[in-house]
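The structure under discussion appears below in the form of structure tokens.
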Amino acid sequence: MTPLSRIRNFAIVAHIDHGKSTLSDRLIQETGGLTAREMTAQVLDSMDIERERGITIKAQTVRLNYKAKDGEQYVLNLMDTPGHVDFAYEVSRSLAACEGSILVVDASQGVEAQTLANVYQAIDNNHEIVPVLNKIDLPAAEPERVRTQIEEVIGLDASDAVLCSAKSGIGITDVLEAIVTRLPAPKGDENAPLKALVVDAWYDAYLGVVVLVRVFDGRLKAGQQVRMMQTGASHRIDKVGVFLPKNTDVESLGPGEIGFMTASIKEVADAAVGDTLTDEKRQTEKALPGFKEVQSVVFCGLFPVDAADFEDLRAAVGRLRLNDGSFNYEMESSAALGFGFRCGFLGLLHLEIIQERLSREFDLDLIATAPSVIYKIAQIDGTTIDLHNPADMPDPMKIESIAEPWIKATIFTPDEYLGAVIKLCQDRRGSQRELSYVGTRAMVVYDLPLNEVVFDFYDRLKSISKGYASFDYQIEDYRIGDLVKMQVLVNAEPVDALSMLVHRSRAEARGRGMVEKMKELIQPHMFQIPIQAAIGGKIIARETVRALRKDVTAKCYGGDASRKRKLLDKQKAGKKRMRQFGKVEIPQEAFIAALKMDDD
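Its first residue numbered 470, the sequence shown is counted upward by one per residue in my numbering.
Written out as structure tokens, the structure reads:
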């Protein structure tokens, strides 16, 4: 049993690509968590999609045993967290289970938007923070400049920041020594009633639900009857263990320790993240504060390309929900697309990842509708409704006002791209809050409507700044705007999947862009296809896909011209009839491409 003074719980936080997962790999290697043969790059990124994209999606935990320079044996509980804004909820949960954080900053890139967001979360959790400057062996590294930047932007003393290179293994021992000497030990009372926090839960095909817990007081051991204070459910623990990084069973977990338990729980929903575990017979008086509920920000409909795959899609979203508590869904049906699900996500990257996992892991072909946000609609009769799907919008005559969510966006950009970044924000109806400089980098804070951001704001920002700008946001409030519902009609039929709410001032440009894009994407048919964008009964933009033409007069050579005329008229009448009854095939790529519109 390890005394409390020899335990350290810490999270690694940083901006995307500053080297969190690589640093975790080196720490595991240095402390002998895995043999050289078992080591792979990004050990803790277990999903294929995480390895391919080089991003962390799920926060992962590992327990390391380290013999310090003072000869003492320490137990280090490390949590590797995601850097992307869409997975900030994973970071907040990990931080609640720790007492300290390692702030990794790339010595060549310096402080970025997500560095700030994550460090402020750590400060909110009263963490002791150790700055680590990574990638010091790069030719472009400027540790002294980045030190000053950390002090100026974040207000942290970085004079004794640890210098290291996770890739080449320089300075890893210094990082371990800093963890042991500069981070506080956890507090807790072993003799008090059991009090443990449910940090995460996921589904395992053999064990049922695996629950990641951080024990604050008391002891958690196999055979114990425990109670979830929030849900009131009672379970008997089958086994407890720790990740070294392999699952290793232990006898019990004491105060300050992080590990997992299984108790034959069938549904992940039964192990609510943020709940407090306590002993059934000897309960603790006060539950832990837990976490605030994850709020979905972006919604879109997912439909199978082949209607016969609907049951497979239902099973697949159910299974994904088991391992991702922030993804939620409900059934919906559409005239054009049949049965599917309306799903809620934390952002566009989250949407993309879920869609990719559905097509990859479950072999499904899907159509996704236009991403939309939640609008609050005040009706004339005094009621307010939340609108998730633009297709369900009530009659405009009944609507008094429509409010949309606004965000506070923080953007860091090198000076030379500042003009383009400001223009992008202005074009998206943004209003500037502040603009300040840190060395040669500008920090711009903007108020922006969320529905302008969910389409392609992030992609546009990256392309105009050649990838150098970084972006972070948080939702502020709802504001009333002049919003209208825009529909896209293909061959006079409205396409549900492409209807959206837009600001009146942007409607025409958005509509024109949409129909031009659709014209390129829809293959010519045997008849002419009009593509229109409309607000109510008013058409605001139109393009026409020309008909394929067959030479029906080929067999007429010589003779009277009226014979040719007769054949051409017959063809014309046929095309007219076809257009009346013909079905237009809209390829799946057309939906996705039409939504990823450029503003050029």
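Cβ coordinates follow ideal geometry from the N, Cα and C atoms, glycine included. Keep in mind the model is a prediction, meaning the values are calculated, not measured.
Within the region 794-849, the alpha helix (DSSP H) runs of at least 4 residues that lie entirely inside it are, in chain order, 817-830. In terms of Cβ geometry, Phe772 and Gly807 form a close pair [threshold 8 Å].
Cα atoms of Val907 and Gly488: separation of roughly 22 Å, rounded to the nearest angstrom.
Within a 10 Å sphere around the beta-carbon of Asp643 sit fewer than 16 other beta-carbons, which makes this residue exposed. Lys690 and Asp834 have their C-alpha atoms roughly 45 Å apart. Under the DSSP definition of a beta bridge, Cys1025 lacks any partner. In this structure, DSSP gives Ser1031 a helical state, which the three-state scheme calls helix. By the Cβ rule, the region 782-791 counts as touching the region 812-829, because three or more pairs are nearer than 8 Å. Rounded to whole angstroms, the gap between the alpha carbons of Ala889 and Lys935 is 11 Å. Of the candidates Leu917, Arg902 and Val544, Val544 places its Cα closest to the Cα of Ile727. Taking all protein chains in view, the Cβ of Gly725 is crowded by 16 or more other Cβ atoms within 10 Å, so the residue is classified as buried. Rounded to the nearest whole angstrom, the CA to CA distance from Lys877 to Asp793 is 26 Å.
One thing to note: Met955 has its Cβ no nearer than 8 Å to the Cβ of Ile991.
Residue Thr530 holds the alpha-carbon nearest to the alpha-carbon of Arg562 among Gly677, Thr530 and Gln694. With distances taken between CA atoms, Leu572 lies nearest to Ser493 out of Leu970, Ser493 and Ile734. Boundaries of the alpha helix (DSSP H) harbouring Tyr927: Phe926 to Ile933, taken from the DSSP string. By the beta-carbon neighbour count (other beta carbons within 10 angstroms, threshold 16), Ser905 is exposed. By the 16-neighbour rule on beta-carbons within 10 angstroms, Leu919 is buried.
Taking one beta carbon from each stretch, the region 857-875 and the region 963-982 have 3 or more pairs nearer than 8 Å; the two touch. In this structure, the beta-carbon distance from Glu977 to Ile1009 falls below 8 Å. Apart from sequence neighbours up to five positions away, the residues of its chain that approach Arg1015 with a beta-carbon distance below 8 Å are Pro993 and Gln997, ordered along the chain.
For the pair Ile880 and Phe940, the CB atoms are nearer than the 8 Å cut-off. In the DSSP assignment, Asp941 forms a beta bridge with Thr879.
In the three-state DSSP reduction, Cys894 falls in the helix class (H, G or I).
Going by C-alpha positions, Asp673 is about 22 Å away from Val684.
Below 8 Å, enough C-beta pairs join the region 612-619 and the region 590-604 to call them touching: three or more. With contact defined as three or more Cβ pairs closer than 8 Å, the region 740-757 and the region 653-668 are in contact. Ala911 is bridged by DSSP to Thr882 and Tyr906. The region 567-584 makes contact with the region 632-652, as at least three CB pairs between them are under 8 Å.
Leu893 is the residue among Leu893, Ile598, Lys986 and Val953 whose C-alpha sits nearest the C-alpha of Leu917. In terms of Cβ geometry, Ala966 and Ala839 form a close pair [threshold 8 Å].
A straight line joining the alpha-carbon of Arg696 with that of Leu757 spans about 14 Å. Shown here, Gln590 sits in a helix according to DSSP, grouped into three states. For His704, DSSP records a beta bridge to Val695. Within the same chain, Cβ atoms closer than 7 Å to the Cβ of Ala480 are found at Met548, Thr550, Ser563, Leu564, Cys567 and Ser570, the five residues on either side in sequence being excluded. The beta-bridge partner set that DSSP reports for Asp916 consists of Lys877 and Ser900.
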